[in-house]
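Notes for the one structure printed next.
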């Protein structure tokens, strides 16, 4: 799929990666086969203890290594800071574990480049290619999707997708202290929407995690995720209402 | 509340002396930590407040009687225990808030340091990476 007006924008693709030596090389090869003008790739190596950095260097890709492992959210935020520093117009983010299919990048980028939306989320729910997900995760996704709709009226079928494109308006908000260090998901979509950012979904192909490991795996992590996400969404809503009330009194 | 019952169980002289010795040791330790710069004044305030309030409750019977009456405890030692637990809880929450603030500060510093290191690495390689090329 050819992008419209790609030459007008500088696009930064951020790939946070932690110990992804087995998948990052293959992912970078697939990315290099894409022909998107002005697309630059930056891998954020979140303090990996394996050869992730070396694989990136061998692939000729810029890699920024964090001084210590800070987590997925902070790795993304480091990428956002780089995007701001070097005046990129559009930021694209995808996982380094090979789950997100690079072929879907043009579909996700298009709405942002055409100013149809400030943020476009790559959604596996809208894709014609099925993605097998454990029942518990599917139910969790539906619950958070429902919560998002109840709190701000935004209907997103895949609110936990980390495959996104965003413009500078959304980037400014993602650089705020509100951005969590661990799980920036549905809560950030709520935050963006409440602050007037338009969000759209586009179909994207997801592949099974080649390493077979997820940051939501295990028993305690999903429970913590549910707690964190629910509380975060509630606090974002309360803070926004308080701010709006304070401003309306002025 | 039966204050006569409370008066029966007020601290004895022996207990007050023991409490006094412990309070002096605790105060001396806190002051030593403050003097050596191992404890900052703003973090010591709750500990000092706890020490003063608990000491006042132990040494002044009317204070302990009032606190026991308010809390509804029969034995004043229970009131002291509840008061002590309240202070510990407050100190824990306060420290947790401080840790949360520090976590964010450390993350920000780490991100900035990582970015600076990246820029330095690219400079020492003798050229600029494509990332650093300004917009045409």
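Residue numbers (the working numbering), protein chains in the order written: chain C, 1192 to 1441; chain D, 7 to 142. Virtual Cβ for every residue (Gly too), placed ideally from N, Cα, C.
Taken in chain order, the unbroken stretches of beta strand (DSSP E) that lie wholly in the segment 1252 to 1290 of chain C and span 3 residues or more are 1253 to 1256, 1281 to 1284. The segment 1219 to 1236 of chain C makes no contact with the segment 65 to 84 of chain D; the number of CB pairs closer than 8 angstroms stays below 3. Nearest C-alpha to residue 125/D among 1329/C, 1277/C, 1324/C: 1277/C. Among the residues of the segment 1258 to 1279 of chain C, those with a Cβ less than 8 angstroms away from any Cβ of chain D are 1258, 1259, 1261, 1265, 1268, 1269, 1272, 1273, 1276, 1277, 1278, in the order of the chain. Cβ neighbours of residue 1314/C within its own chain (closer than 7 angstroms, five residues either side excluded): 1348, 1349, 1352, 1392, 1393, 1394, 1395. Shown here for residue 1231/C: same chain residues with a beta carbon closer than 6 angstroms to its own, the five before and five after excluded, namely 1203 in chain order. Apart from sequence neighbours up to five positions away, the residues of its chain that approach residue 1260/C with a beta-carbon distance below 7 angstroms are 1209, 1237, 1238, ordered along the chain. For the set 42/D, 53/D, 58/D, 93/D, the Cα lying nearest the Cα of residue 25/D is the one of 58/D. Approximately 6 angstroms separates the beta-carbon atoms of residue 1267/C and residue 1284/C; this is inside 8 angstroms, confirming the contact. In this structure, residue 1361/C sits near residue 1383/C, with a CB-CB distance shorter than 8 angstroms. The straight-line gap separating the alpha-carbon atoms of residue 1425/C and residue 1343/C is approximately 11 angstroms.
Against chain D, the CB of residue 1373/C has no partner CB under 8 angstroms away; the residue lies outside that interface. Using a Cβ-Cβ cut-off of 8 angstroms, residue 121/D is close to 1255, 1269, 1272, 1273, 1276 of chain C, given in chain order. Rounded to whole angstroms, residue 106/D and residue 1372/C show a C-alpha spacing of 12 angstroms. In the assembly as shown, residue 1247/C is a buried residue. Its beta-carbon has 16 or more other beta-carbons within 10 Å. Residue environment: residue 1249/C is assigned as exposed (fewer than 16 neighbouring CB atoms within 10 Å of its CB, all protein chains considered). The Cβ atoms of residue 1386/C and residue 1364/C sit closer than 8 angstroms to each other.
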